[in-house]
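Single-structure report; data block below.
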Amino acid sequence: MRITLINPNTSRAMTDKIGRSAREVAGPGVELAAVCPEFGPAAIESHTDEVAAAAAVLREVERGEAAGVDGFVIACFGDPGLDAARELATGPVVGIAEAAMHVATMAGRTFSIVTTLSRTLGRAHDLVRRYGFSDACVSSYATGIPVLDLEESTADAFETIAAVCERAVRADAADSIVLGCAGMTDLCAALSERVGVPVIDGVAASVGLVTGMVRMGVSTSKRDEYARPPVRLLA
889 MRITLINPNT SRAMTDKIGR SAREVAGPGV ELAAVCPEFG PAAIESHTDE
939 VAAAAAVLRE VERGEAAGVD GFVIACFGDP GLDAARELAT GPVVGIAEAA
989 MHVATMAGRT FSIVTTLSRT LGRAHDLVRR YGFSDACVSS YATGIPVLDL
1039 EESTADAFET IAAVCERAVR ADAADSIVLG CAGMTDLCAA LSERVGVPVI
1089 DGVAASVGLV TGMVRMGVST SKRDEYARPP VRLLA
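Numbering (this note's numbering) for the sequence shown: 889 to 1123.
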């Protein structure tokens, strides 16, 4: 099985870190390639960044399709380009926000999102509504940590994120925590132990879901909305 994990920003250091975490949960018989675009936003922290990132995602999906890749993960919590990627892909495409929220609702009744900058909370709220988890999501918090500061997670970053997670459990009775950035992937286990509830990393969640779907033979439906687009704009 061949899976491509797409980091939609251009940070090679973050892509390598995300790739390591993804391979730890991929399981035997899975060849997982972690890729990022050569051009585009260095970090995805605005709506403008998301538009550019979505175009980068589509290019990587086109390349993967040509190479016979079985499934794709979009490793950004905004799930940029997810619907368009499903139009282009034969196999499953899973975004880390959607995957993490699904897993969180199987781990407990409620969850809280802990993310990076406050300006990204609106997008997170939009996705909560879109994915049907408005009742389950009891709160969302920004840590104030920029995305690229998580290329190499520091002790200070961990303490900041842990404190916000503890607040969500204490103040909002969150049964689990959804981490709102792929760059937090390496902190998941330590945060779970510290906070005392499941902390869900969308990278691991999406890899588990996409590999499971491939093994089940579940592809992307081409009946209507996710049929191939009538005009291919990408080179």
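C-beta: ideal position from N, C-alpha, C; glycine also.
Just so we're clear, the structure is a prediction, and the values are computed from it rather than from any experiment.
> Going by Cα to Cα distance, which pick from Asp1063, Lys1110 and Gly1071 is closest to Ser899?
Replying inline: Gly1071
> Quick one: what's got a C-beta closer than 7 Å to Ser1022's C-beta in the same chain, skipping five residues either side?
Replying inline: Val1016
>> Is the beta carbon of Glu1047 closer than 8 Å to that of Tyr1019?
In response: no
> Short check: CB of Gly983 to CB of Glu938, under 8 Å?
Replying inline: no
>> Among Pro980, Ala944 and Asp904, whose alpha-carbon lies nearest the alpha-carbon of Val1106?
In response: Pro980
>> Between Ala988 and Pro968, how many whole angstroms is the CB-CB distance? I'm expecting something under 8 Å.
In response: Contact doesn't hold; Cβ gap of about 15 Å is too wide.
> Within the chosen definition, does the region 923-938 reach the region 1108-1120 through at least 3 CB pairs nearer than 8 Å?
Replying inline: Touching, no.
>> Measuring alpha carbon to alpha carbon, tell me which residue in His1013, Ala901, Leu1038 and Thr1008 is nearest Ser1027.
In response: His1013
> Would Val923 be called buried (16 or more neighbouring beta carbons within 10 Å of its own) or exposed?
Replying inline: buried
> According to DSSP, is Leu920 helix, strand or coil?
Replying inline: strand
>> Residues in the same chain with beta-carbon distance under 6 Å from Arg1011, minus the five sequence neighbours each way, listed in chain order, please.
In response: Gly966, listed in sequence order.
> Does DSSP put Leu1005 in a helix, in a strand, or in coil?
Replying inline: coil
>> Let's see if you can read the secondary structure: which residues bound the beta strand (DSSP E) around Thr1099?
In response: It is not in any beta strand (DSSP E) - Thr1099 instead sits in the alpha helix (DSSP H) that spans Gly1090 to Met1104.
>> Does the structure place the region 1048-1061 close enough to the region 946-963 that three or more beta carbon pairs sit under 8 Å?
In response: For the pair of segments examined, the region 946-963 was found not to touch the region 1048-1061: the number of CB pairs separated by less than 8 Å stays below three.
> CB Glu1039 to CB Met902, shorter than 8 Å?
Replying inline: yes
> Quick one: what does DSSP say Val961 is sitting in, helix, strand or coil?
Replying inline: strand
> Taking C-alpha atoms, which residue in Glu975, Leu1036 and Pro916 lies nearest to Glu950?
Replying inline: Glu975
>> One question on the structure: do Val1087 and Val1052 come within less than 8 Å of each other, judged by their Cβ atoms?
In response: no
> Under the three-state reduction of DSSP, which class applies to Ala1030: helix, strand or coil?
Replying inline: strand
> When the Cα of Pro916 is compared with those of Thr1031, Ala973, Ala943 and Arg890, which residue comes out closest?
Replying inline: Arg890
> What residues in its chain sit with their C-beta under 6 Å from that of Glu912, if we drop five residues either side in the sequence?
Replying inline: none
> What do you get for Val918, buried or exposed, if any count of 16 or more other CB atoms within 10 angstroms of its CB means buried?
Replying inline: buried
>> Using 8 Å for Cβ pairs, my map puts Ala1062 next to Thr998. What's the rounded Cβ distance?
In response: 5 Å
> Cα-Cα, which of Leu1036, Ile1065, Gly1100 and Ala995 is closest to Tyr1029?
Replying inline: Ile1065
> Can you pull the DSSP bridge partners for Gly983?
Replying inline: Ile962
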